[in-house]
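*Asks:*
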Amino acid sequence: MQQSELTQIQAVIDKIQALNWDVITEQIHQQGFALIKQILSTEQCELLKQLYSQPDLYRKSVEMQRYRFGLGEYKYFTYPLPNLIERIRHEVYPHLVPIANAWFRVLKLERSFPSSHAEFLQQCHQHGQTLATPLILKYGQGGFNTLHQDLYGEVYFPLQLVIVLSQPNVDFTGGEFVLTQQIPRAQSKVLVMQPEQGDILIFTTQFKPEKGNQGYYRVNIKHGVSPILQGERYSLGIIFHDAMS
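Under the working numbering, residues 291 to 535 are what the sequence shown spells out, in order.
#1: Contact between the stretch 310-319 and the stretch 348-365: three or more CB pairs below 8 Å?
#2: Check residue 455 in the structure and name its three-state DSSP category.
#3: In three-state DSSP terms, what is residue 361?
#4: Please report how far the alpha carbon of residue 331 lies from the alpha carbon of residue 488, in whole angstroms.
#5: Please give the ranges of any beta strand (DSSP E) in the stretch 312-374, keeping only runs that are unbroken, at least 3 residues long and fully inside the region.
#6: CB-CB under 6 Å to residue 305, same chain, minus the five flanking residues each way: which ones, in chain order?
#7: Closer than 7 Å by C-beta to residue 393: which residues in its own chain qualify, once you throw out the five before and the five after it? Chain order, please.
#8: Any idea if residue 379 is buried or exposed, counting beta-carbon neighbours within 10 angstroms, 16 or more meaning buried?
#9: Counting only beta-carbon atoms, is residue 486 nearer than 8 Å to chain B?
#10: Return helix, strand or coil for residue 307, following the three-state DSSP convention.
#11: What three-state label does DSSP hand residue 380 in the structure shown?
#12: I'd like to confirm something about residue 515: is its beta-carbon nearer than 7 Å to some heavy atom of the ligand ADP, or not?
#13: List the residues that DSSP assigns as beta-bridge partners of residue 486.
#14: If you count every other CB in all the chains shown that lies within 10 Å of the CB of residue 364, and 16 or more means buried, which is it?
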């Protein structure tokens, strides 16, 4: 790794460590997501986009239309991950563990999460989940992603993140990030966001707890991407659990 790359990666890690994680934690508890502005530079986003054309970095490519997932393509990285992606994955995870453990505790779910990401990956591997899940997604005009949840086995982490690598209203129009909250015995709630290039959006993988009159209950959440009206949209997804396939 060149010194310039090390310096750029360290700058990102410094930004992550300097964030007000108490505020971010409260936002995630209340909303199920938190948007963190300008963590990656334009240059870093462009370099990550260039990785899309390097086939040796990936273990699997998926044409979304073939599986009725939407219209576009995404590629799962293989291990070892690119250095910047690896560091973001390991640095953000410990800040999210208290949220994950609190959610599982109030919902009376038995699993607890270790403080380090390396320990959590060991849990995944013990259940046969050994394959990398970070991925880059590419959508052209008309592309979209249907509502879904990124669960790849018995062991999963209840939060994940996405970084939009293209600039809205410059590289593409449309392509908003969509969250739906399926509230028991009520109509679903839809949230629509348009992160800027280099922003990090942390959001729930499957559900969040809500407090009702009789204790906590689960609000199931799915995410997707609305149709691209013009241009191309690239994004980087970082999922903390590994996959079986």
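Glycine included, every Cβ here is placed at the ideal spot set by N, Cα and C. Please read all numbers here as calculations on a predicted model, not as lab measurements.
*Replies:* From the atom records:
#1: As far as the Cβ criterion goes, the stretch 310-319 does not touch the stretch 348-365, which means the pair count is below three.
#2: On the sequence shown, residue 455 is found 165 positions in, with the first residue counted as 1. Coil, per DSSP.
#3: By 1-based counting over the sequence shown, the position of residue 361 is 71. Strand.
#4: One-based indexing of the sequence shown puts residue 331 at position 41. One-based indexing of the sequence shown puts residue 488 at position 198. Cα atoms of residue 331 and residue 488: separation of roughly 6 Å, rounded to the nearest angstrom.
#5: Taking only runs of at least 3 residues, the beta strand (DSSP E) segments lying wholly in the stretch 312-374 are 323-326, 348-353 and 363-367.
#6: In the sequence shown, the residue the question calls residue 305 occupies position 15. Take residue 305, set aside five residues on each side of it, and the residues of its chain with a beta-carbon closer than 6 Å to its own are 329, in chain order.
#7: Position 103 of the sequence shown, counted from the first residue, corresponds to residue 393. By the criterion of a C-beta distance shorter than 7 Å, residue 393 is surrounded in its chain by 448, 498 and 499, once the five residues flanking it on both sides are discounted.
#8: Locating residue 379 in the sequence shown gives position 89, counting from the first residue. A residue is called buried when at least 16 other Cβ atoms come within 10 angstroms of its Cβ; residue 379 meets this threshold and is buried.
#9: No chain B is part of this structure, which consists of one protein chain only.
#10: Along the sequence shown, read from residue 1 onward, the residue named residue 307 stands at position 17. Reduced to three states, the DSSP call for residue 307 is helix.
#11: Your numbering for residue 380 matches position 90 in the sequence shown. Here residue 380 sits in helix by DSSP.
#12: With respect to the ligand ADP, the structure offers nothing, as it holds no ligand at all.
#13: Stepping through the sequence shown from its first residue, residue 486 is reached at position 196. Note: residue 486 sits in no beta bridge, so no partner.
#14: The residue you call residue 364 lines up with position 74 of the sequence shown. Classification of residue 364: buried, given that the 10 Å Cβ count is 16 or more.
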